[in-house]
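One structure is given below, encoded as structure tokens.
2 protein chains.
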Amino acid sequence: MVTLSRHPAAETWPDAAVSLRISVDPVLFTQIGGRLHVLLRLRSWAPYEGVWALPGAINPPGEQIEVTMWRELRDLGFSQELWVEQLKTFDRPAQSVGGRTVPGRDPRGRVISVAYFAIVQPEAAATVQRTGVEWRPLDDLPALAFDHEEIVKYALWRLRNKIQYTPVAFELLPREFTLTDLQEVYEAVLGAKLDKRNFRRKVLSERVVVPTDRLSRREKRPAQLYRFNDRHFAYSPRRLSIENLAEPLTTEPSGSRA
Amino acid sequence: MVTLSRHPAAETWPDAAVSLRISVDPVLFTQIGGRLHVLLRLRSWAPYEGVWALPGAINPPGEQIEVTMWRELRDLGFSQELWVEQLKTFDRPAQSVGGRTVPGRDPRGRVISVAYFAIVQPEAAATVQRTGVEWRPLDDLPALAFDHEEIVKYALWRLRNKIQYTPVAFELLPREFTLTDLQEVYEAVLGAKLDKRNFRRKVLSERVVVPTDRLSRREKRPAQLYRFNDRHFAYSPRRLSIENLAEPLTTEPSGSRA
DNA sequence: ACATTAAGTGTAGGTTGAACACTCAATGGT
DNA sequence: ACCATTGAGTGTTCAACCTACACTTAATGT
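Respectively, the protein sequence lines represent chains A and B. Anchor point for the first sequence: position 194 equals 207 in the numbering used here, and the numbering is continuous, going up by one each time. Anchor point for the second sequence: position 120 equals 133 in the numbering used here, and the numbering is continuous, going up by one each time.
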């Protein structure tokens, strides 16, 4: 049974000389003093002058979106490796609804935001020294420009999920850390207290961490320092079943690091 | 310590009269005869004339991307509720690398693809009756236009993850189904055999499914028909710990259904 | 030497997952 | 009427893992 196609013979191919811009907005997380922080920039220009926003950039014509993102991160002062992945694309154009004009994301015109999610290790976090750019604690954020609050919330949701089946927690720690440090990261991200003995047993039994020959002397009683076990983690011999919810079946095809 | 900002006083705000278009590409999954299928459209126009592609559309200026997507789904003949979520945004502009021009995603110009991921229930799948639009089995796909193979692979990876902590499997089944049907969906998506007794015990103990008063008579021996337990599933009393990897801490802020 | 701080450590009970094979109800063909 | 075929339906045992729970120890600073 064949029905006549109502599809056109080709796509509609609109004239491109129409306002359309892409904003690249990274949500950068780090951990300071046991609390999660997000990098924000105080806008000193319109729109939203004097309001905090994600430190994004408008994608210059012809440049790959990901390139814009890396350039922006570099401009913010990050030179090291960062864990970065695409988060989501946000779009809300101005629209006429029943005679009224509902404003879109940006008063200047149609701007689509491609948001990224990135993690900055504590050592690298300190290198941010631009005026008006600051790490702000996630649990006490100021009002944000555009729809950036929505983007940050979405990023946090992703981080919470991600930390449960990827070694993302180690991105929030220096290269060497104590097990208490690691536990605090999980607690900060998940927003819950974990049992010390159970946590340690789990982490050690998974061999996701290896002891170094150094001790932390921040504490009264010195604590063993550990490093992330890059080598071992790749294997992760889990069997396949619907109950086995811990891990993606494959690594994310798009996961990137640079 | 304050360093002089190297940031401009405002964002770079490029002239918009530059080629930039957005393609909205849904990856539609359904299940036919125990195999996963993807909806493809045979292109009868350039570029990639005669090649199969995702049934996407170019976003008309000013229209919200999600609106384009729903319009496209409606044009394909879907009127029912569909499980839809944004997948990822794909971008590869043409670039000059060392004098050579590396082509981008689309030979016609800069086209960014915002890909969606959607699931069509088997009853609705049959209603697709456009010429050149077909369900093709995922394990035997033809060559695809543009970067659509990458998009499909990414969508499948997402589906595999998603089925492990959301009730997405039920979107691949009719309203009433046998436990064997359900098991086959998991097997098709995960690409693995599961143990019948363990599977049934798990599904029933989670009360994610409720028996109806009807029997399926497709089989030699009639089988109990079940329905998805919408009501009960919302609760899902899981406790919070790093070991408890089964579920997102909150529902995805962006999950949509319409 | 004493108080303080946080590191480090073990066990028992309950839950969940994995492996594994036979009986039963109905159909269709002889 | 019988028989062969098909796929539905069902339990148990063992191992692994999760959870709850409290004291000792190494160092510091007063």
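Beta carbons: idealized from backbone N, C-alpha and C, even for Gly.
Item                                                                                                                   : Value
For G90/B and V97/A, the rounded distance between their alpha carbons                                                  : 38 Å
Spatial distance of R143/B from D104/B (CA atoms)                                                                      : 29 Å
Cβ-Cβ distance between R54/B and P68/B below 8 Å                                                                       : yes
8 Å CB neighbourhood of A271/A in its chain, flanking five on each side removed                                        : Interpretation of A271/A is limited by its pLDDT of 38, a score under 50 that renders its predicted location unreliable; no figure is taken from the coordinates.
Cα-Cα separation between P180/A and P224/A, rounded to whole angstroms                                                 : 17 Å
Boundaries of the alpha helix (DSSP H) in which A137/B is found, first to last residue                                 : 135-138
Where the region 38-52 of chain A meets chain B: residues whose CB sits under 8 Å from a CB there                      : none
Collapsed DSSP secondary structure at R149/A in the structure displayed                                                : strand
Whole-angstrom distance between L157/A and Y167/A, CA atom to CA atom                                                  : 14 Å
Residues that A23/B contacts on chain A, provided the C-beta gap is smaller than 7 Å                                   : W58
Span separating the alpha-carbon of Q237/B from that of E200/B                                                         : 20 Å
Limits of the unbroken alpha helix (DSSP H) element including W83/B                                                    : 78-88
Option in Q99/A, W26/A, Y178/A with minimal Cα separation from V80/A                                                   : Q99/A
Interface flag, V110/A vs chain B, CB-CB below 8 Å                                                                     : no
From S57/B, G122/B, P60/B, P187/B, residue whose alpha carbon lies closest to that of I45/B                            : P187/B
Minimum Cβ-Cβ distance from A30/B to chain A less than 8 Å                                                             : yes
Inter-stretch contact at 8 Å, needing at least 3 Cβ pairs: the region 104-120 of chain A / the region 62-78 of chain A : no
At least three beta-carbon pairs within less than 8 Å, the region 120-138 of chain B to the region 22-41 of chain B    : yes
Spatial distance of R240/A from V222/A (CA atoms)                                                                      : 6 Å
Proximal residues of chain A, C-beta to C-beta of A70/B below 9 Å                                                      : E24, T25
Rounded C-alpha distance that separates L33/B from D194/B                                                              : 45 Å
Identified DSSP bridge partners for I132/A                                                                             : F42/A, W96/A
Residue burial classification, D119/A (beta-carbon count within 10 angstroms, cutoff 16)                               : buried
Paired residues, beta bridge with L55/B - DSSP                                                                         : W65/B
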